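Let me begin by presenting the structure, written as structure tokens, before commenting on it.
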Ligand SMILES: Cc1cc2nc3c(=O)[nH]c(=O)nc-3n(C[C@H](O)[C@H](O)[C@H](O)COP(=O)(O)O)c2cc1C
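Structural data, given as structure tokens:
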């Protein structure tokens, strides 16, 4: 019986898996001869040759997972299936299975993976809150649903602190870093439940609301399974020297900024950041680790694994930046506002815009009733109210008192006085695409608050974007502020047209 088996998903040609495997062989001390299993949905024939040869040299085994290609399209389905496959293969072969994501690296012998008597899982909490549930706030509907579907009893819930943002959450552990006893069958249960839950229609509205739910539901389900099957005494929170995210070093709280990364036991890394020598300078990595990492970068990215400069992120609508608007409608005689990022100009003359709003959103009811709605551009000072309109529904709370409201020509499109710009819109086409209702509308009138309008040569002019101060959003789930103007449309190209 082996002490430990390391299992990880194949990272693709980025080379991360190779660095992980090399680091196990080099730095894992008495565990460095352990089996390494690399899981992939590719067949051995399809697997990149250079990487296959090196993994063989490192005595790592490549194992193909057998998943339905339709299922594998959803984020982390292959990942959870690989963990469950590793667990069933590991039964009877090893005391501990370490499920470790490819962008990890071992720095010192990870002794604490060998769990003490009575402990059945060693884990680290998530680095950031993201969709996590704040412990001393009432539980939200998403987590209530997770707990209900995973059969979690309230008394099982306990506080857990995130690494980077230092929030106290309901249990939420990093799904790419765990030591488990394979005979407990935790990953098999994770897979059995996740493969059903990810497509459970009850979760669709969360996916529609925020892509983070799509990405992280597998991790929420894992938290649910751990709580429903294990008592607190069986859980072991590994110290912060395990799974230390060096890419988050600059933003980590002081208590989690070690004097030297060499003191950590295992780290998480992002090759793109690590490749940048300027970025590396900010991180206290000393020799001999420093030179070892530098050698890996050259070895992985040029000699062994020539890769394109582009990293594939799959099917995500990575359009940025995203303007944030508040869409207003009169629902059952009351104004309601929802936050939307999915808004687009479809034409200037005639002025046509398009919005995409979840089909069950309360706002849609008013838009359908009157055939009208408004688009309002909040300023960055209104960020809390805006985010509020994006996280609670008019079905549950009254959002009509949040702002000073006025009406224009359409009389049924409530607009927000505090927003510098408001558009009154009249629907010309409406249809469903999957779970989204698309409204294409004529802009009937654009309103701009007086203080943002100037006159130049007898013509009205709208203030610069820096003054309008809109809220910008991006697919990293962060809100941004607009920057300085850098040129003029249709004029900058003159320099090139000689
Ligand atoms: C940053 C952000 C962007 C959002 N963008 C959209 C969007 O484009 N489409 C959508 O249907 N919902 C979007 N939402 C979610 C809705 O605003 C949310 O479901 C809201 O509760 C709906 O309100 P209602 O039910 O009162 O209409 C977004 C939420 C946030 C926080």
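In my numbering, the protein residues as written are 183 to 680.
Positions of the beta carbon are idealized from the N, C-alpha and C atoms, including for glycine.
It should be emphasised that the depicted structure is a prediction, and the values quoted were computed from it without experimental measurement.
To the nearest angstrom, how far is it from the Cα of residue i to the Cα of residue j?
i	j	result
residue 348	residue 261	27 Å
residue 358	residue 283	5 Å
residue 428	residue 462	10 Å
residue 528	residue 222	42 Å
residue 254	residue 515	45 Å
residue 324	residue 495	26 Å
residue 280	residue 292	10 Å
residue 269	residue 189	9 Å
residue 387	residue 472	46 Å
residue 616	residue 397	19 Å
residue 638	residue 645	11 Å
residue 276	residue 395	34 Å
residue 383	residue 627	39 Å
residue 393	residue 321	20 Å
residue 330	residue 512	34 Å
residue 416	residue 303	7 Å
residue 404	residue 193	21 Å
residue 224	residue 455	27 Å
residue 550	residue 592	14 Å
residue 409	residue 465	36 Å
Where does residue i fall in DSSP's three states?
i	result
residue 269	helix
residue 685	The displayed coordinates of the chain run from 183 to 680. Any statement about residue 685 would go beyond what the structure contains.
residue 509	strand
residue 601	coil
residue 643	strand
residue 565	helix
residue 192	coil
residue 545	helix
residue 276	strand
residue 489	Legend: pLDDT at residue 489 = 47, less than 50; position of this residue unreliable, no value from coordinates given.
residue 388	helix
residue 289	coil
residue 236	helix
residue 628	strand
residue 137	A question about residue 137 goes unanswered here, because the residues of the chain that appear run from 183 up to 680.
Can you give me the Cβ contacts of residue i inside the same chain, cut-off strictly under 7 Å, excluding the 5 residues immediately before and after it?
i	result
residue 553	608 and 609
residue 558	507, 508, 510, 597, 598, 601 and 604
residue 273	364 and 365
residue 198	284, 285 and 453
Would you say residue i touches ligand 1, meaning its beta carbon is less than 7 Å from a heavy atom?
i	result
residue 569	yes
residue 345	no
residue 391	yes
residue 506	yes
residue 540	yes
residue 520	yes
residue 388	no
residue 572	yes
residue 524	yes
residue 544	yes
residue 660	no
residue 655	yes
residue 575	yes
Count the other CB atoms, across all protein chains shown, that sit within 10 Å of the CB of residue i; report buried if there are 16 or more and exposed otherwise.
i	result
residue 214	exposed
residue 448	buried
residue 226	exposed
residue 597	buried
residue 635	exposed
residue 682	Residue 682 is absent from the model: the chain starts at 183 and stops at 680.
residue 478	buried
residue 411	buried
residue 326	exposed
residue 183	exposed
residue 594	buried
residue 263	buried
residue 187	buried
residue 647	exposed
residue 613	exposed
residue 319	exposed
Among residues of its own chain, excluding the 5 on either side of residue i, which ones have a beta-carbon nearer than 6 Å to its beta-carbon?
i	result
residue 536	526, 528 and 622
residue 663	562
residue 611	622
residue 572	521
residue 503	654 and 656
residue 445	none
residue 630	603 and 644
Whose C-beta lies closer than 8 Å to the C-beta of residue i among residues of the same chain, with five residues either side of it excluded?
i	result
residue 433	346
residue 574	581
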